[in-house]
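So the protein lines, in turn, are chains A and B.
This note's numbering puts the first residue of the first sequence at 1, with every later residue one more than the last.
This note's numbering puts the first residue of the second sequence at 441, with every later residue one more than the last.
What follows is a single structure, written as structure tokens, with notes after it.
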Amino acid sequence: MTRQIIFATTFLITLVVFSFTIVRLISFFKLTKKAFPVRNPGKRLKVMFEVAFGQTKIFRKPVIGFIHALVFWGFCVIIIGSIEMITDGLTGSDHALKFLGPVYNFIIASGDIFGFLVAFSIVIFLTRRLFLHIKRFDGVEMKSVSHQIDAIIALMLILLLMVSLIGINSVYYEYKLLKNENIAGYYPLSQLVAPVLSNVSVDTLIVLCQVFWWVHILLIFIFANVLPYSKHFHVFMSVPNVFLSRLDPLGKLPNMENVTYEVRQMLNPNSTFSASAEIAPVERFGIKDVEDVSWKNYLDALACTECGRCTSVCPANLTGKRLSPRKIVMDIRSRMKEKGPRLVQHGKGYNDDKSLLRNYIREEELWACTTCNACAQECPININHPTIIIDMRRYLVMEEGSAPGKLKTMFNNIENNGAPWQYSCEDRLLWARNLEIINN
Amino acid sequence: MMERHKIDVPVMSDLYTRGERPDYLFWVGCAGAFDDRYKRVAQAFAKILTYLKVNYAVLGIEESCTGDPARRAGNEMLYQMQALKNIELFKTYGIDKIITICPHCYNILKNEYPDLGGIYEVINYLQFLEKYINEGKLVIQPHSLDDARITYHDPCYLGRGNDIYTEPRTILHRLTGNFVEMERHKSFALCCGAGGAQMFKEAEKGNKEVYLERTEEALKTEASIIATACPFCMTMITDGLKYKNREEDVKNYDLVELIALSLQL
């Protein structure tokens, strides 16, 4: 009973801290702008199963992608065991799910195998991070040591989770074997480790089992509350982020309805545009600061794990320009972390004389983008970077009238002669003159 | 017997006054109308349309920029002005099917005009020609290009932007038995550097031009022809070949020019 009370208290603390984090995040989401309406659940589920559970985009880098997929699929299976552990901890039951019979054996056996596979994968990840020079783990936005530490803490936590899981399984197996009792579940790999414990007394095994059990469960509780403050929040956020993906073709930019309203007024001032009443007054065109981003931009930023696949394929970045799509996403998260709490506290008018644009993201970065969508194509969790960049250009152009000189010339040409170059529309058919075809 | 025939490119307003309506609008785009190199692509396509006896017309002097470069440079206001004017014009002529040669025009007409009420069947010329080839209406003699070694640069707004990867390859495999992929191709393809209105400005400070990076990759395939399907890609790759002093032995053609060549039009 004491054990249950201690467990319940720890669990409650975990939930309270976690809820605090979530409430805080919701208050930040409330500061953001609307994005697209979330329709078409069928298609969304399909995308979620392919991209999240099928890891299709991760596999664009097949070797390391496969190792990541092992970790992901491992988590999906092992989490069932964790739910059982929490149930056992709260109710005092012993292997609460064992009534599932053969299904249970299958789940536990898969969890056991994945425990080893995940541990193995994490060792590879740690080695790569610590000893190999991987270009995409570098970059201006990765210079701060905290990013490296952040990654290593999360990887170490996962490794310890797996070691303690293997510990629980092997000790449990050896204990039951020694007592000649029925074993709940099936442990194809841990039973191979168990003989190491053959000289350990029953009493010690009982203690060891408790130690591993508590270490594992406490690590889960710590992990759950550390993640939201680390780049590994993606463990929670990536699946929802993929479900909430923009479903449009990558080439499509979202329409600005407020501009449509103004343009229609301009082209036909007498018209009573039907939607006029529904259009709220525009506070700002495009994105200048973090309160101008949409909920999806912010969700992207929270879900980003800073893997850098976007930046590694960016033509601008590859040719030494300042733009790094990963940095744009990370900047949104950092700026919200800085300004979000104050906006919540002081209200929407709060101004700290800083902004996402210029204090975080330079114009030079924005103007380097070719909107080629290589970043969005590569992102394993369907983050869309170019739409953010274009929204920031929209602010620059429509609110500040600021753009590279040659682009302003291009705007003038389109406005005056309907072409980005300075040619008269009267000459639009010159190409078709004296055209001949050879009939043979 | 080879005979030269003059062709008249039909213009929408002429047809309209005669009370006729073509099946397709051929959207030429600003590059097709004004870029000296790319005019040849517009001409090649017009020749093929005539050869296939397609009932089409162009807007001629009434055509006006789709607004794409303005929109991608952040000038949403100017884009929407252009778009709404074009949509009005399309309405006047009752246009419902549009064929484009420029991928940027294709993308914006197909994906972005619908948000402003302009809903059309927008067809990229590669899709259009592949359909004619598959239906046997456009016959390309195998090896008609002497099995030249050809590589293909995927334009971003056809490939990643709109998932058009197979059509150009089907066509190229008909044109040559010696088609070769670049290292980065299909959804992995590297941009030419001109998208997102970069075409109209100087590149930001860096250590290399994107077009050079891509041209070098294309040259690695040792192809004698680099095929493209976008006016901006064409400008960039052609510049790259000039910079590398390779414009003599390596040619940059649009896919539609290659078809016209193989048909000896």
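Ideal placement from N, C-alpha and C gives every residue a C-beta, glycine not left out.
The structure presented is a predicted model; accordingly, all values stated were derived computationally and were not measured.
CB contact flag (residue i, residue j, <8 Å)
i, j, result
"F411 (chain A)", "N515 (chain B)", "yes"
"I538 (chain B)", "R428 (chain A)", "no"
"F212 (chain A)", "V171 (chain A)", "yes"
"Y560 (chain B)", "Y456 (chain B)", "no"
"A419 (chain A)", "C505 (chain B)", "yes"
"I414 (chain A)", "A637 (chain B)", "no"
"V235 (chain A)", "M48 (chain A)", "no"
"G308 (chain A)", "R136 (chain A)", "yes"
"A658 (chain B)", "T606 (chain B)", "no"
"C369 (chain A)", "A316 (chain A)", "yes"
"L612 (chain B)", "A669 (chain B)", "no"
"I107 (chain A)", "I80 (chain A)", "yes"
"T260 (chain A)", "L578 (chain B)", "no"
"G251 (chain A)", "N692 (chain B)", "no"
"E697 (chain B)", "V468 (chain B)", "no"
"N417 (chain A)", "Y423 (chain A)", "yes"
"I699 (chain B)", "L569 (chain B)", "yes"
"L356 (chain A)", "R342 (chain A)", "no"
"S324 (chain A)", "V38 (chain A)", "no"
Listed by chain order, chain B residues near residue i by CB distance under 8 Å
i, result
"D248 (chain A)", "N551"
"L396 (chain A)", "G514"
"T387 (chain A)", "Going along chain B, no residue has its Cβ under 8 Å from T387 (chain A), so there is no contact; the nearest lies around 11 Å."
"E364 (chain A)", "E644, K645"
Chain A contact residues for residue i, given Cβ-Cβ distances below 9 Å
i, result
"Q483 (chain B)", "W431, A432, L435"
"G656 (chain B)", "Residue identity differs from the one stated: residue 656 (chain B) is Glu in this sequence, not Gly. By Cβ distance, chain A contributes nothing, its closest Cβ being about 11 Å from E656 (chain B), past 9 Å."
"Q581 (chain B)", "Going along chain A, no residue has its Cβ under 9 Å from Q581 (chain B), so there is no contact; the nearest lies around 12 Å."
Candidates the options: closest to residue i by CA position
i, options, result
"H583 (chain B)", "B:F568, B:K446, B:C596, B:L615", "B:L615"
"A119 (chain A)", "A:G185, A:R264, A:M162, A:T127", "A:M162"
"N268 (chain A)", "B:E528, B:Q483, B:C631, B:Y464", "B:E528"
"A663 (chain B)", "B:C596, B:L703, B:N685, B:D587", "B:D587"
"G92 (chain A)", "A:G54, A:F7, A:R393, A:V51", "A:F7"
"I332 (chain A)", "A:Y229, A:I361, A:L244, A:Y423", "A:I361"
"A523 (chain B)", "B:G599, B:D536, B:L549", "B:L549"
"P102 (chain A)", "A:N416, A:I183, A:T204", "A:I183"
"L499 (chain B)", "B:I488, B:L465, B:A482", "B:L465"
"S146 (chain A)", "A:E306, A:N416, A:K176", "A:E306"
"T56 (chain A)", "A:G42, A:F72, A:P41", "A:F72"
"K487 (chain B)", "B:N602, B:G633, B:P450, B:R609", "B:P450"
Closer than 7 Å at the beta carbon, the chain B residues around residue i
i, result
"G418 (chain A)", "S504, C505"
"I381 (chain A)", "The premise fails here: I381 (chain A) is roughly 16 Å from chain B at the closest Cβ pair, so nothing lies under 7 Å."
"Q377 (chain A)", "R600, S627"
"V263 (chain A)", "M517, Q520, M521, L524"
"M256 (chain A)", "E516"
"R428 (chain A)", "A473, G500, I501, E503"
Through-space distance from residue j to residue i, alpha-carbon basis
i, j, result
"W367 (chain A)", "K493 (chain B)", "44 Å"
"A69 (chain A)", "G401 (chain A)", "46 Å"
"I287 (chain A)", "C375 (chain A)", "20 Å"
"V215 (chain A)", "L90 (chain A)", "16 Å"
"F619 (chain B)", "Y651 (chain B)", "22 Å"
"A513 (chain B)", "L253 (chain A)", "12 Å"
"E365 (chain A)", "C545 (chain B)", "26 Å"
"G3 (chain A)", "I86 (chain A)", "Sequence inspection shows Arg at residue 3 (chain A); the Gly mentioned does not correspond to that position. Going by the C-alpha atoms only, they are around 12 Å apart."
"E503 (chain B)", "P386 (chain A)", "28 Å"
"S27 (chain A)", "C379 (chain A)", "27 Å"
"E460 (chain B)", "F485 (chain B)", "22 Å"
"Y187 (chain A)", "I152 (chain A)", "29 Å"
"Q191 (chain A)", "K33 (chain A)", "54 Å"
"H346 (chain A)", "D391 (chain A)", "26 Å"
Nearest-angstrom beta carbon gap, residue j and residue i [assumed within contact, 8 Å]
i, j, result
"T540 (chain B)", "N564 (chain B)", "6 Å"
"K446 (chain B)", "E436 (chain A)", "6 Å"
"K641 (chain B)", "K327 (chain A)", "Contact doesn't hold; Cβ gap of about 21 Å is too wide."
"E644 (chain B)", "R358 (chain A)", "About 16 Å separates the two Cβ atoms, so there is no contact after all."
"L31 (chain A)", "E399 (chain A)", "The pair is not a contact, with the Cβ atoms about 19 Å apart (cut-off 8 Å)."
"K648 (chain B)", "T319 (chain A)", "4 Å"
"N384 (chain A)", "R246 (chain A)", "5 Å"
"N297 (chain A)", "I388 (chain A)", "6 Å"
Interface residues of chain A facing residue i [CB-CB closer than 8 Å]
i, result
"A640 (chain B)", "Residue 640 (chain B) is actually Phe in this sequence, not Ala. Those are K406, L407, T409, M410, P420, listed as they occur along chain A."
"G472 (chain B)", "W431"
"E697 (chain B)", "Under the 8 Å cutoff, chain A gives no residues; its nearest Cβ is about 14 Å from E697 (chain B)."
"Y491 (chain B)", "I437"
Chain-ordered chain A contacts of residue i [CB-CB under 7 Å]
i, result
"N602 (chain B)", "P249, G251"
"C673 (chain B)", "Correct list: empty, because the minimum Cβ distance to chain A is about 11 Å."
Partners in chain B for residue i, counting only beta-carbon separations shorter than 9 Å
i, result
"V259 (chain A)", "E516, M517, Y519, Q520"
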